[in-house]
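Going line by line, the protein sequences match chains A and B. For the first sequence, my numbering gives the first residue as 3, with consecutive numbering after it. For the second sequence, my numbering gives the first residue as 3, with consecutive numbering after it.
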Amino acid sequence: MPRKRPEPESPSDFLPLQKDMFHILVALAGHDRHGYSIMQDIAARTEGKLQISPSSLYSAIKRMMDSGLIEELDERPDPERDDQRRRYYRITDFGRKVAVAEARRLERLLADARATGLVPKRL
Amino acid sequence: MSRDASIRLYRGLLWLYPLEFREHFAPEICLLLADNLRAQTNGLRRFAIWLAAVAAIFVDAPKEHYHMIRQDVIYALRTMRREKLTSLIAILVLALGIGSTATVFTLVNGLLLHPLPFPQQDRLIYVEESNGKSGGVSGAIAFPNYLDLCSRNRSLDSFALYQSSLVALRREGADAERIQGGYGTAPLFRVLGVPPLLGRTFTPEDDRPNAAPVVVLSEDFWRSRYSGDPAILGKTIQIGTMFGIRASQVIGVMPRGFHFPDNAQMWMPMQLDVRSNTRTDLWLEGIARVRAGVTPEQAQTDLRAIMQQIAREHPTETYGQTVNAVRFQTQATGDVRPVLLTLLGAVACVLLIACANISSLMLVRASARQREIAVRGALGASRSRVVRQFVVESGLLGILGAIGGMAMSWIAVPALLRLTPAGTLPVWANFSADLRTWIFIVSITAGTAILVGGLPALSASRLNLVDALKEGGRSNTFGVAGARVRACLVAAEVAMSVLLLTGAGLMIRTFVNLERQDVGFRIENLTTLYSAAPRDRYPLGDAAAQLIERIEREFASLPGVVSVAAASAAPMAHDWFRSLTVEGAPLLSLRDAPLENHMVVTPGYFKTLGIPILEGRDFGRGDETNFRVTIVDAGIARHYWPNRSALGKRIRFGPPEDNEPWFTVVGVVGEARNQDIRKLGLNSVYIPYQGKFDHSSLAWLVRTDSGMASPGDALRRRVSQIDRNVAVSDVTTLQQIVDESIWQEPFFTTLLAFFAALALLMATVGLYGVMAYTVSRRTHELGIRMALGASAREIRGMVLVQSGRLVGAGLAIGIAASVFATRLLAKQLYGVKPTDPQTFLAVAALLIGAALLASYLPARRATRVDPILALREE
Numbered sequence: 003m004p005r006k007r008p009e010p011e012s013p014s015d016f017l018p019l020q021k022d023m024f025h026i027l028v029a030l031a032g033h034d035r036h037g038y039s040i041m042q043d044i045a046a047r048t049e050g051k052l053q054i055s056p057s058s059l060y061s062a063i064k065r066m067m068d069s070g071l072i073e074e075l076d077e078r079p080d081p082e083r084d085d086q087r088r089r090y091y092r093i094t095d096f097g098r099k100v101a102v103a104e105a106r107r108l109e110r111l112l113a114d115a116r117a118t119g120l121v122p123k124r125l
Numbered sequence: 003m004s005r006d007a008s009i010r011l012y013r014g015l016l017w018l019y020p021l022e023f024r025e026h027f028a029p030e031i032c033l034l035l036a037d038n039l040r041a042q043t044n045g046l047r048r049f050a051i052w053l054a055a056v057a058a059i060f061v062d063a064p065k066e067h068y069h070m071i072r073q074d075v076i077y078a079l080r081t082m083r084r085e086k087l088t089s090l091i092a093i094l095v096l097a098l099g100i101g102s103t104a105t106v107f108t109l110v111n112g113l114l115l116h117p118l119p120f121p122q123q124d125r126l127i128y129v130e131e132s133n134g135k136s137g138g139v140s141g142a143i144a145f146p147n148y149l150d151l152c153s154r155n156r157s158l159d160s161f162a163l164y165q166s167s168l169v170a171l172r173r174e175g176a177d178a179e180r181i182q183g184g185y186g187t188a189p190l191f192r193v194l195g196v197p198p199l200l201g202r203t204f205t206p207e208d209d210r211p212n213a214a215p216v217v218v219l220s221e222d223f224w225r226s227r228y229s230g231d232p233a234i235l236g237k238t239i240q241i242g243t244m245f246g247i248r249a250s251q252v253i254g255v256m257p258r259g260f261h262f263p264d265n266a267q268m269w270m271p272m273q274l275d276v277r278s279n280t281r282t283d284l285w286l287e288g289i290a291r292v293r294a295g296v297t298p299e300q301a302q303t304d305l306r307a308i309m310q311q312i313a314r315e316h317p318t319e320t321y322g323q324t325v326n327a328v329r330f331q332t333q334a335t336g337d338v339r340p341v342l343l344t345l346l347g348a349v350a351c352v353l354l355i356a357c358a359n360i361s362s363l364m365l366v367r368a369s370a371r372q373r374e375i376a377v378r379g380a381l382g383a384s385r386s387r388v389v390r391q392f393v394v395e396s397g398l399l400g401i402l403g404a405i406g407g408m409a410m411s412w413i414a415v416p417a418l419l420r421l422t423p424a425g426t427l428p429v430w431a432n433f434s435a436d437l438r439t440w441i442f443i444v445s446i447t448a449g450t451a452i453l454v455g456g457l458p459a460l461s462a463s464r465l466n467l468v469d470a471l472k473e474g475g476r477s478n479t480f481g482v483a484g485a486r487v488r489a490c491l492v493a494a495e496v497a498m499s500v501l502l503l504t505g506a507g508l509m510i511r512t513f514v515n516l517e518r519q520d521v522g523f524r525i526e527n528l529t530t531l532y533s534a535a536p537r538d539r540y541p542l543g544d545a546a547a548q549l550i551e552r553i554e555r556e557f558a559s560l561p562g563v564v565s566v567a568a569a570s571a572a573p574m575a576h577d578w579f580r581s582l583t584v585e586g587a588p589l590l591s592l593r594d595a596p597l598e599n600h601m602v603v604t605p606g607y608f609k610t611l612g613i614p615i616l617e618g619r620d621f622g623r624g625d626e627t628n629f630r631v632t633i634v635d636a637g638i639a640r641h642y643w644p645n646r647s648a649l650g651k652r653i654r655f656g657p658p659e660d661n662e663p664w665f666t667v668v669g670v671v672g673e674a675r676n677q678d679i680r681k682l683g684l685n686s687v688y689i690p691y692q693g694k695f696d697h698s699s700l701a702w703l704v705r706t707d708s709g710m711a712s713p714g715d716a717l718r719r720r721v722s723q724i725d726r727n728v729a730v731s732d733v734t735t736l737q738q739i740v741d742e743s744i745w746q747e748p749f750f751t752t753l754l755a756f757f758a759a760l761a762l763l764m765a766t767v768g769l770y771g772v773m774a775y776t777v778s779r780r781t782h783e784l785g786i787r788m789a790l791g792a793s794a795r796e797i798r799g800m801v802l803v804q805s806g807r808l809v810g811a812g813l814a815i816g817i818a819a820s821v822f823a824t825r826l827l828a829k830q831l832y833g834v835k836p837t838d839p840q841t842f843l844a845v846a847a848l849l850i851g852a853a854l855l856a857s858y859l860p861a862r863r864a865t866r867v868d869p870i871l872a873l874r875e876e
């Protein structure tokens, strides 16, 4: 059973979301992961451009857990692949809402940039 | 560095994180770093990754602390909002404790710790001769002795004599006025280490007897009177000094803020003549700068050895004196030092009581929140987190209390300073908040937070979660230990209150004794002022005598004036002492001859002051020609001529071997405390004024009808009408002079009484809190007792006995502590012993009364417990 965290009022309270946090949410959107897996996923998606240090990653994880964006799993997702030493994290429903809200915000920003001609209509 | 070593080092650095974070994430973080390092084959890249990870710790760890504390603060604020009344009381009590402490510390800092405004001021020492007798000679140095000490010492860099004196300033077309001046020997400015702003200071040539008069001005005086004109140097100004009116050349201006001694506005060289200043003329004060590396104690040893040589060389002029040398700052604050330090002790007690009270309150709160703490613990909040929560809460209370306290101190310091008469505090005293004040306030706030939050935090950390949850919130686990601790806290509060109440009680008795003191003269309806007649227009003799008669006549003609007299000084300002030799009594050496207060007065002095003439007569106009007459007070008459009349007996003054002329006693008057109303046994002799005494400063005493306002302005106008060149100063009333001479007592008493009342109130409230809590906790037990037949009286008695035990223990400790502590007050007391049984009894009675009041309500509530309800609740 994942531990319940209190949910804050509204996803918009978190916007704009910190870059590290958004990446973590995106990494967890597909499936539950442990810290190293999150880091690898972020590195793969950003072609190694975003390097989060271990301590920064867990500072962000802790803050996201405190805010109810993600939760730590008591059970291991796949006993075959499971590394017993590691803690696994899962995005919460609220975390999803926050990630969606952030993605919308970015979308709007991109739309604005296109509207002003700063960014070409089609890249 | 091997990979294991680098991981170990990294893990070590994770200690920078809060414990809770570290406990939860440290293994994972290390694992992650190890994974990252393993994924790299290039050694240099590996090192770069490690270095970046290490650097990130230094950025992230402080942020993590910040987030955690922020959460705690938000939580604490939420708790405070939920328990508004308790929090408000706690903040108020802490504000009173911290505010009182900060206020007294500001005074202590401004007076005792703030350095004097002179370079390397810790090397300045005050030097005085003393014969070590109480009420004996001290506080001055004879000029010839000074010269010997100057030339023979090996410990002083420089040494000067100084004297504060009012000087008359004569200006064309305006009334003459008197301003504060200072006389000094040539090295004075070198001793103080302050160079002039303009021009120069004294040279040894300026200080020779009969040298051309010169003067150095203060910056204020130069700016206000001469508009800061740099051409002032070389100009002459007319100054009426103890040497007469002198046209003095301005040779320099001192920098802004330089005033010494007192609030001096101009300085003149002393120009003393060793022929007219003997080794027994003690009226000059000494200040010296010790050589670098020499302590005041070493300087004192050096100077004492020289004084012994001097005594051997001049046996007839020695009076058994030695030399004292103390840090100048210590001497300058000597009067207020013990008062302030006692007050600091008193406020420390108040602050401790406040802390004990709030700590007790927090314990109750913690025990009420026991279940909440247990639930948080069960949900994963670590023990350190719970402890930190309490520390943050108490820290927040401390900070809010400190803010309130600082506001209180901001109002209280100026208010207290207004209670001190002008001129009693040194000019250089500085009461603005400096770094030291801030460090002090931050330290006491931190200390307060630790004292207040420490006990609840400790109990919370020891809480047994399982029991606490099982008991379903009925506080018992840390209720029992907590109750014991709270009982101890209350006993300590009572003990400290006793200490403060005893001190305050003794001071109140002192004050009452002083107020009731028979000073020997009538204080009310008496106006005093000083006049200074220029010696060039009124040379000693007939001219001076005529001027004084004229002023007296003019004053007497004013409506409402009952009588008028003049004297060498007003009461309380008197400090002219001479040795006394009685005809027929064995001739004593200077060392053993008694010192008497020596006063020169005009006829009518005794009538004006209300001093009774017990035998013989007052001085009269006939004494002008035959002035070898004297009036002694009853103390002298009783001592030398017991059971006989003193009239017709002869006495003489000054060093016994000097063979000054004899004076015949023509009257005996009542004893008056001319010098200090606290001092007993200092007797006075009076001799008539006949125009032969220095009138550069003459005190006038004018008695008016009762109910009439002080005619100070009218008196001043009359003098101006007679001669604008006669300067008038210090127009005041005798009542004011007496009040100012004992200002410390009401000041000290009021403050101490305030702190004692505060302590008593807090202790009473503390006791009430503990008793009320105990009764509420024992509801079930009391219900059973009542069901089993205990009467209301028995129940009430039980509660009162419990409270009596606490108070009794506190009282016993407090009284024992007071017996020792009040000794420190001994010097401030007057007419009451430090162990005055009446005061101790009164304090005990007051405390028992307050305790009964605090316990009665809980005791009454205990008897109203409904046995059925109490049992059913269970």
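Don't be surprised by glycine CBs; every beta carbon is placed ideally from N, CA and C. From a predicted model like this one, the values you see are computed outputs, not experimental measurements.
> Which residue or residues does DSSP assign as beta-bridge partners of A/M66?
Replying inline: Taking the first sequence and counting its residues from 1, one reaches residue 66 of chain A at position 64. Answer is none; A/M66 lacks a bridge partner.
> For a contact meaning CB atoms closer than 7 Å, what does A/Y60 contact in chain B?
Replying inline: Sequence index remark: in the first sequence, residue 60 of chain A carries index 58 (1-based). The answer, in chain order, is F27, E30 and I31.
> chain A beta carbons: is any one of them nearer than 8 Å to that of B/A55?
Replying inline: The residue you call residue 55 of chain B lines up with position 53 of the second sequence. Yes - at least one Cβ of chain A is within 8 Å of the one on B/A55.
>> So if DSSP puts B/A558 in a beta bridge, which residue, or which two residues, is it bridged to?
In response: Here residue 558 of chain B corresponds to residue number 556 of the second sequence, with the count starting at 1. According to DSSP, B/A558 bridges with nothing at all.
>> Considering only DSSP beta bridges, list what B/S166 is partnered with.
In response: On the second sequence, position 164 is the one that residue 166 of chain B refers to. Answer is B/G184, bridged to B/S166.
> Does B/L35 come within less than 8 Å of chain A when only Cβ atoms are used?
Replying inline: Within the second sequence, numbered from 1, the residue matching residue 35 of chain B stands at position 33. Chain A, which has a Cβ nearer than 8 Å to the Cβ of B/L35, makes this yes.
> So which residues of chain B does A/R89 contact, with C-beta pairs closer than 7 Å?
Replying inline: Here residue 89 of chain A refers to the residue found at position 87 of the first sequence. The contacting residues are E30.
> Per DSSP, what kind of secondary structure is B/Q302 in: helix, strand or coil?
Replying inline: Taking the first residue of the second sequence as position 1, residue 302 of chain B is located at position 300. Note: B/Q302 maps to helix in three-state DSSP.
> If you count every other CB in all the chains shown that lies within 10 Å of the CB of B/R787, and 16 or more means buried, which is it?
Replying inline: The sequence position of residue 787 of chain B within the second sequence is 785, counting from 1. B/R787 comes out buried.
> Interface residues of chain A around B/D436 at Cβ under 8 Å?
Replying inline: Taking the first residue of the second sequence as position 1, residue 436 of chain B is located at position 434. Under the 8 Å cutoff, chain A gives no residues; its nearest Cβ is about 40 Å from B/D436.
> At a Cβ threshold of 8 Å, is A/R65 touching chain B?
Replying inline: As a first step, residue 65 of chain A must be located in the first sequence, where it is residue number 63. Interface residue, yes.
>> Taking 8 Å as the cut-off, does the segment 47-66 of chain A touch the segment 26-35 of chain B (at least 3 CB pairs, one atom from each stretch)?
In response: Between the segment 26-35 of chain B and the segment 47-66 of chain A, the count of C-beta pairs closer than 8 Å reaches three or more; the two stretches touch.
> To the nearest angstrom, how far is it from the Cα of A/D76 to the Cα of A/L17?
Replying inline: Residue numbering aside, residue 76 of chain A sits at position 74 when the first sequence is read from its first letter. Residue numbering aside, residue 17 of chain A sits at position 15 when the first sequence is read from its first letter. The straight-line gap from Cα to Cα measures roughly 29 Å.
>> Let me check understanding here. Comparing Cα to Cα, which of B/L531, B/R552, B/G810 and B/S362 lies closest to B/Y540?
In response: Stepping through the second sequence from its first residue, residue 540 of chain B is reached at position 538. Taking only the C-alpha atoms, the option nearest B/Y540 is B/R552.
> For B/L200, does the three-state DSSP call read helix, strand or coil?
Replying inline: The count along the second sequence starts at 1 and reaches residue 200 of chain B at position 198. In the structure shown, B/L200 sits in a strand (DSSP, three-state: E or B).
> Is the CB of B/I59 under 8 Å away from at least one CB in chain A?
Replying inline: For the purposes of this step, residue 59 of chain B is taken as residue 57 along the second sequence, with counting starting at 1. It does: the Cβ of B/I59 has a partner Cβ on chain A nearer than 8 Å.
> Where in the segment 214-263 of chain B do unbroken runs of the beta strand (DSSP E), each at least 3 residues long, occur, reported from the N-terminal end onward?
Replying inline: 216-219, 238-243 and 246-255
> Nearest-angstrom Cα distance between B/S477 and B/Y775?
Replying inline: Numbered from its first residue, the second sequence carries residue 477 of chain B at position 475. Numbered from its first residue, the second sequence carries residue 775 of chain B at position 773. For B/S477, the predicted model reports a pLDDT of 46, less than 50, meaning its position is unreliable; a value from the coordinates is still stated below. Counting only the Cα atoms, B/Y775 lies some 11 Å from B/S477.
> Count the other CB atoms within 10 Å of the CB of B/K65; is the residue buried (16 or more) or exposed (fewer)?
Replying inline: Reading the second sequence from its first residue, position 63 is the one you call residue 65 of chain B. B/K65 is exposed by the Cβ-count criterion.
>> If I measure Cβ to Cβ from A/R5 and keep anything under 8 Å in the same chain, skipping five residues before and after, which residues do I get?
In response: Within the first sequence, the letter at position 3 stands for residue 5 of chain A. Caution is warranted here: a pLDDT of 43 is assigned to A/R5, below 50, making its placement in the model unreliable, and the coordinate value is therefore given only provisionally. Same-chain partners within the cutoff: E73, E74 and D76.
>> Counting only Cβ pairs nearer than 7 Å, list the residues of chain A close to B/E66.
In response: In the second sequence, the residue the question calls residue 66 of chain B occupies position 64. Correct list: S61.
>> Whole angstroms are fine: how far does the CA of B/T447 sit from the CA of B/W440?
In response: By one-based count along the second sequence, residue 440 of chain B stands at place 438. By one-based count along the second sequence, residue 447 of chain B stands at place 445. Each residue's Cα considered, the two are about 10 Å apart.
> Listing by chain order, which chain A residues have their CB less than 9 Å from the CB of B/H116?
Replying inline: Here the question's residue 116 of chain B lines up with position 114 in the second sequence. For B/H116, none of the residues of chain A pass the 9 Å Cβ criterion, the least Cβ distance being about 47 Å.
> Roughly how many whole angstroms lie between the Cα atoms of B/E30 and B/S463?
Replying inline: The residue labelled residue 30 of chain B in the question sits at position 28 within the second sequence. The residue labelled residue 463 of chain B in the question sits at position 461 within the second sequence. The alpha-carbon atoms of B/E30 and B/S463 are separated by roughly 27 Å.
> Using DSSP with H/G/I as helix, E/B as strand and the rest coil, what is B/W2?
Replying inline: Lying before the first or after the last residue shown, residue 2 of chain B is absent from chain B, which here runs from 3 to 876.
> Between B/A489 and B/V772, which are expected to be in contact by the criterion C-beta below 8 Å, what is the C-beta distance as a whole number of angstroms?
Replying inline: As a first step, residue 489 of chain B is located in the second sequence; it is residue number 487 there, counting from the start. As a first step, residue 772 of chain B is located in the second sequence; it is residue number 770 there, counting from the start. For a cut-off of 8 Å, the C-beta gap from B/A489 to B/V772 is around 6 Å, short enough to register as a contact.
> Between which two residues does the alpha helix (DSSP H) containing B/D208 stretch?
Replying inline: Position 206 of the second sequence, counting from 1, holds the residue named residue 208 of chain B. That residue, B/D208, is in no alpha helix (DSSP H); it is neither H nor E in DSSP.
>> Can you pull the chain A neighbours of B/H901, defined as C-beta to C-beta under 9 Å?
In response: The requested residue 901 of chain B is not part of the displayed model; chain B covers only 3 to 876.
>> Under 8 Å: do the segment 172-181 of chain B and the segment 728-736 of chain B share three or more Cβ pairs, one atom per stretch?
In response: yes
> CB-CB under 8 Å to B/E207, same chain, minus the five flanking residues each way: which ones, in chain order?
Replying inline: If you number the second sequence from 1, residue 207 of chain B lands on position 205. For B/E207, where only same-chain residues beyond five positions count, the Cβ hits under 8 Å are A213.
> Three-state secondary structure (DSSP) at B/H600?
Replying inline: Numbered from its first residue, the second sequence carries residue 600 of chain B at position 598. B/H600 falls in the strand class under three-state DSSP.
>> Let's see if you can read the secondary structure: which residues bound the beta strand (DSSP E) around B/V276?
In response: Indexing the second sequence from 1 puts residue 276 of chain B at position 274. Where B/V276 is concerned, there is no enclosing beta strand (DSSP E), given that its DSSP letter is neither H nor E.
> Does B/D74 have its Cβ less than 8 Å from a Cβ in chain A?
Replying inline: As a working note, residue 74 of chain B is residue 72 in the second sequence. Not one chain A Cβ lies under 8 Å of B/D74.
> Rounded C-beta distance between B/P614 and B/G672? I'm assuming under 8 Å.
Replying inline: In the second sequence, counting from the first residue as 1, residue 614 of chain B sits at position 612. In the second sequence, counting from the first residue as 1, residue 672 of chain B sits at position 670. Contact holds; Cβ gap of about 4 Å.
> How about B/D877: is its C-beta nearer than 8 Å to some C-beta of chain A?
Replying inline: This structure does not reach residue 877 of chain B, given that chain B is present from 3 up to 876, and the question cannot be answered.
>> Would B/F655 and B/R580 qualify as a contact pair, given that the criterion is a beta-carbon distance under 8 Å?
In response: Counted from its first residue, the second sequence places residue 655 of chain B at position 653. Counted from its first residue, the second sequence places residue 580 of chain B at position 578. Against a cut-off of 8 Å, the Cβ pair of B/R580 and B/F655 comes out as a contact.
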